[in-house]
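Participant: For the record, in the sequence shown the residue sitting at position 41 is 41 according to full-length UniProt numbering, with numbers rising by one throughout.
Just so you know, even glycine gets a beta-carbon here, dropped at the ideal spot from N, CA and C.
Note that the structure is a prediction, hence the values are computed from the model and not measured.
Below is a structure I'd like to ask you about.
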Amino acid sequence: MTTIVRFAPSPTGRIHIGNARTAILNWLMASKTGGQFVLRYDDTDTARSTQEFADGIATDIAWLGIRPHRVEWQLRRFARYDEVADKLRAEGRLYPCYETADELDRKRKRQEARKLPPVYDRAALKLTGEERARLEAEGRRPHWRFKLDGRVVEWNDQIRGPQHIDTRSLSDPVLVREDGTYLYTLPSVIDDIDFGITHVIRGEDHVVNTAVQIEITQALGATAPTYAHHSLLIGADGKGLSKRLGSLSIGSMREGGLEPMAVVSHAALLGTSDNIHPCADYAELVDGFALDKLSRAPARFDEQELAQLNAKLLHHLPWDRVKDRLPGDNEAFWLAVRGNIGKLADIDTWRRVVAGPSQPVIAPEDRDFITVARALLPPAPWDGTTWKAWTEAVRAATGRKGKDLFMPLRRALTGLDHGPELAQLLPLIGPDAVLERLT
Ligand code: GLU
1 MTTIVRFAPS PTGRIHIGNA RTAILNWLMA SKTGGQFVLR YDDTDTARST QEFADGIATD
61 IAWLGIRPHR VEWQLRRFAR YDEVADKLRA EGRLYPCYET ADELDRKRKR QEARKLPPVY
121 DRAALKLTGE ERARLEAEGR RPHWRFKLDG RVVEWNDQIR GPQHIDTRSL SDPVLVREDG
181 TYLYTLPSVI DDIDFGITHV IRGEDHVVNT AVQIEITQAL GATAPTYAHH SLLIGADGKG
241 LSKRLGSLSI GSMREGGLEP MAVVSHAALL GTSDNIHPCA DYAELVDGFA LDKLSRAPAR
301 FDEQELAQLN AKLLHHLPWD RVKDRLPGDN EAFWLAVRGN IGKLADIDTW RRVVAGPSQP
361 VIAPEDRDFI TVARALLPPA PWDGTTWKAW TEAVRAATGR KGKDLFMPLR RALTGLDHGP
421 ELAQLLPLIG PDAVLERLT
């Protein structure tokens, strides 16, 4: 049986690192099993869903290297949902309710006062045909609730282990609104059945939904998929991410110049038993992927750690993997500078250092030293051994060593106190520019 997974964002905003983690875990599952990945837009909330957000999500997951095999929109499937809802109505599993939001609120308050659980009392099930007709004549339109079995739903969660939820502790969920539109619960089940979804990997905020959705799936005569609920990410401050976007959105990470594979590696390995390390492509992540490596504890996401991972990824990135993005540069330059950048865009600093314009810094007390050094520059052509030969000659002539020897040369050549190995930079800067900078 082919594994088919789905990532089901609501296009009511852009995705952040937490949503991206869900997408990536699903992608890894599909890749590991040679399966398929469905991107499903849960756009039943027409007031808040927009095409722009949907396009943004598509861009974000493409940037993360995810290539859906199929894309679906819930809004286009209402005829199918109507058909299934009618079947549930005919079987008495979907029943009309007429309470207003205010009335439901009052019921809940009364239950609270009596220390009863705030579970819907199923009053609507007791309405006679006459009472319903009267309510409708008053202009009320029903919303529709699914009649739960009131039993313990069990499943073997691939991350959380065996789960049991007693649906007697839950209100019969509303599946259809007064205006005939659907809440997410039923369409999700129908889609999972119709698209042959074998594994639902999603956040643990859906665990209770799962009990309800398993009951609905069974009411529809289908077999429930395998479920895996991962823990949610929390920020460095210990708070959940869901309400905050900003720098945590995938869009801002892209615009901020992070490497997609740094984001992917971080999201994929966070909260697992594996060390977080940069992977330059999916192959290694797919190899090591297993749902049971994910911890049940919330995983802490720290932007600082992601920035460090991004730097680490670049520090070891071979020229072949970046050359298309650096058309004006060459391999020797890349190898010289990659260890000194946090983001690819930082490479600009080193381009200026190599090609100019550069601002040499020569302290008054180093002027004579620099003049001596200049006179000792080896003849061209220069290569990787030139720096050593030159500085040994300068040391012999001036008696300077260590920092006193190297720092004034570095400042004069680059204008900076730190940076790539000068042995590598020197031939890149070249004899003419070096002569000029030492003048
Ligand atoms: N649209 C839901 C969400 O974003 C999907 C949940 C699911 O994966 O079923 O939370």
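Here's the rule: buried if 16 or more other CB atoms are within 10 angstroms of the residue's CB, otherwise exposed. What is Arg151?
Facilitator: It is exposed - the Cβ of Arg151 has fewer than 16 other Cβ atoms within 10 Å.
Participant: Could you spell out the range, first to last residue, of the beta strand (DSSP E) harbouring Trp382?
Facilitator: From DSSP, Trp382 is part of no beta strand (DSSP E); its letter is neither H nor E.
Participant: Among Gln304, Ala307 and Gly339, which has the Cα closest to the Cα of Pro318?
Facilitator: Nearest of Gln304, Ala307 and Gly339 to Pro318, Cα basis: Gly339.
Participant: Out of curiosity, what's the CA-to-CA distance linking Gly251 and Leu186?
Facilitator: Computed Cα separation, rounded: 30 angstroms.
Participant: In this structure, how does DSSP classify Glu91 when only helix, strand and coil are distinguished?
Facilitator: Correct three-state label for Glu91: coil.
Participant: So Pro162 is in the beta strand (DSSP E); what residue range does that whole segment cover?
Facilitator: It spans Gly161 to Asp166 - the beta strand (DSSP E) in which Pro162 sits, taken as one unbroken run.
Participant: Just checking Ser169 against ligand 1 - is the residue's beta carbon closer than 8 angstroms to any of the ligand's heavy atoms?
Facilitator: Not under cutoff, so the answer is no.
Participant: So, at 6 angstroms on beta carbons, what are the nonlocal neighbours of Arg70 in its own chain, with the 5 sequence-adjacent residues on each side left out?
Facilitator: Same-chain partners within the cutoff: Val38.
Participant: Find out if the Cβ-Cβ distance for the pair Thr2, Gly56 is shorter than 9 angstroms.
Facilitator: Not closer than 9 angstroms, so no.
Participant: Where do the N-terminal and C-terminal ends of the alpha helix (DSSP H) with Gly251 fall, by residue?
Facilitator: Here the alpha helix (DSSP H) through Gly251 covers Ile250 to Glu255.
Participant: Give the DSSP-derived three-state secondary structure of Asn156 in the structure shown.
Facilitator: Reduced to three states, the DSSP call for Asn156 is strand.
Participant: Answer with buried or exposed for His277, where buried requires no fewer than 16 other C-beta atoms within 10 angstroms of its C-beta.
Facilitator: The residue is exposed, with fewer than 16 neighbouring Cβ atoms inside 10 Å.
Participant: How many whole angstroms separate the CB atoms of Val176 and Ala85, which I take to be in contact at a CB cut-off of 8 angstroms?
Facilitator: Between Ala85 and Val176 the Cβ distance is about 6 angstroms, and since that is below 8 angstroms, they are a contact.
Participant: Given a cut-off of 9 angstroms, decide if Tyr227 and His199 are closer than it, judged by their beta-carbon atoms.
Facilitator: In this structure, Tyr227 lies closer than 9 angstroms to His199 by Cβ.
Participant: Note down the Cα distance separating Thr167 from Thr210, rounded to an integer number of angstroms.
Facilitator: Rounded to whole angstroms, Thr167 to Thr210 spans 11 angstroms at the Cα level.
Participant: Let me check you understand the geometry: is the CB of Arg76 closer than 8 angstroms to at least one non-hydrogen atom of ligand 1?
Facilitator: Arg76: no, Cβ never under 8 angstroms from ligand 1.
Participant: So Pro431 packs on Leu377, CB below 8 angstroms; how close in whole Å?
Facilitator: Confirmed, about 7 angstroms.
Participant: My assumption, with CB atoms under 8 angstroms, is that Arg286 sits in contact with Lys115. Please give the rounded CB distance.
Facilitator: Reading off the sequence shown, one finds Val at residue 286, where the question assumed Arg. About 51 angstroms separates the two Cβ atoms, so there is no contact after all.
Participant: Counting only the same chain and skipping the five closest in sequence on each side, list residues whose C-beta sits under 6 angstroms from that of Leu233.
Facilitator: Answer for Leu233: Gly18, Leu241, Ala299 and Phe301, listed in chain order.
Participant: Ends of the alpha helix (DSSP H) at Leu39?
Facilitator: Where Leu39 is concerned, there is no enclosing alpha helix (DSSP H), although the beta strand (DSSP E) it sits in stretches over Gln36 to Tyr41.
Participant: Which whole-angstrom value is the C-beta distance of Gly257 and Ala332, which I expect to be below 8 angstroms?
Facilitator: The Cβ separation is near 23 angstroms, so there is no contact.
Participant: Output the boundary residues of the beta strand (DSSP E) element that contains Ile4.
Facilitator: Run containing Ile4: Ile4 to Phe7, per the beta strand (DSSP E) assignment.
Participant: Pull up the distance between the alpha-carbon of Gly399 and that of Pro379, whole angstroms please.
Facilitator: Approximately 22 angstroms between the Cα atoms of the pair.
Participant: Quick one: grab the DSSP three-state call for Pro96.
Facilitator: Three-state DSSP puts Pro96 in a strand.
Participant: Of all the alpha helix (DSSP H) runs that stay within the bounds of the segment 300-382, which reach a length of 4 or more residues?
Facilitator: As far as the segment 300-382 is concerned, its whole alpha helix (DSSP H) runs of at least 4 residues are 303-315, 319-322, 331-337, 347-355 and 367-375.
Participant: Apart from the five residues just before and just after Leu426, which ones in its own chain have a Cβ nearer than 8 angstroms to its Cβ?
Facilitator: Here the set comprises Trp382, Thr386, Trp387, Trp390, Leu413 and Val434.
Participant: Please list, following the chain, all residues that have a C-beta closer than 6 angstroms to any non-hydrogen atom of ligand 1.
Facilitator: Matched residues: Ala8, Pro9, Ser10, Asp42, Tyr184, Ser188, Arg202 and His206.
Participant: Let me know the secondary structure DSSP gives Arg70 once reduced to three states.
Facilitator: Correct three-state label for Arg70: strand.
Participant: Gly65: which of His229, Glu259 and Glu72 sits nearest, CA to CA?
Facilitator: Ranking the options by Cα distance to Gly65, first place goes to Glu259.
Participant: Applying the criterion that 16 or more other CB atoms from any shown protein chain within 10 Å of the CB defines a buried residue, is Ala133 buried or exposed?
Facilitator: Exposed, by the Cβ-count rule.
Participant: Less than 7 angstroms between C-beta atoms, sequence neighbours within five positions excluded: which residues of the same chain meet that for Arg140?
Facilitator: The answer, listed in chain order, is Tyr98.
Participant: Check for me: the beta strand (DSSP E) holding Arg229 runs from which residue to which?
Facilitator: The displayed chain sequence assigns His, not Arg, to residue 229. From DSSP, the beta strand (DSSP E) with His229 extends over Thr226 to His230.
Participant: Note down the Cα distance separating Gly203 from Ala219, rounded to an integer number of angstroms.
Facilitator: Gly203 and Ala219: Cα-Cα distance of roughly 24 angstroms.
Participant: Nearest-angstrom Cα distance between Pro142 and Thr223?
Facilitator: Rounded to whole angstroms, Pro142 to Thr223 spans 30 angstroms at the Cα level.
Participant: Identify whether Tyr120 lies in helix, strand or coil by the three-state DSSP scheme.
Facilitator: Coil at Tyr120, not helix or strand.
Participant: Leaving out five residues on either side along the sequence, give the residues of the same chain with a beta carbon under 6 angstroms from the beta carbon of Leu270.
Facilitator: Once the five neighbours on either side are set aside, the close Cβ partners of Leu270 are Ala299.
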